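Here's the structure we're looking at; comments come further down.
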Amino acid sequence: MSKPRASVLMVDSDIALLLILAHELDQRGISVFPAGSPRQARVLIAKMNATIDILIINCRLPGVCGLAGEMAGRNALLAA
59 MSKPRASVLM
69 VDSDIALLLI
79 LAHELDQRGI
89 SVFPAGSPRQ
99 ARVLIAKMNA
109 TIDILIINCR
119 LPGVCGLAGE
129 MAGRNALLAA
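Numbering (the working numbering), first residue to last: 59 to 138.
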């Protein structure tokens with residue numbers, strides 16, 4: 059039985075950075091969910107029914123810290 063892959067949600071408006079990080083993490087066996095905005099992140103998580111283990115966010119994006127707070131409220135492991 060294989061070990062489940064960790065899941066990372068990345069939210070940033072720099073699409074090139076997201077793609078580079080997504081590629082590198084995927085090469086290391088980590089599932090990546092890149093989003094350009096908090097709204098896109100919410101839609102992506104709902105569609106994929108994903109459990110997120112790690113957040114990589116740009117807090118300069120409007121609403122992204124609120125998204126992080128919401129997610130931390132639902133998953134205590136994200137609160138750290």
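Beta carbons: idealized from backbone N, C-alpha and C, even for Gly. As the structure is a computational prediction, the values presented were derived from the model and not from experiment.
Here methionine 106 is exposed, its C-beta having fewer than 16 other C-beta atoms within 10 Å. Between the C-alpha atoms of glycine 94 and leucine 75 there is a straight-line separation of about 11 Å. In the three-state reduction of the DSSP assignment, isoleucine 78 falls in the helix class. Glycine 127 is not a Cβ neighbour of proline 96, given a cutoff of 8 Å.
Comparing alpha carbon positions, the residue from Thr109, Asn116 and Val101 closest to serine 71 is Asn116. One alpha carbon belongs to isoleucine 103, the other to proline 92, and they sit about 10 Å apart.
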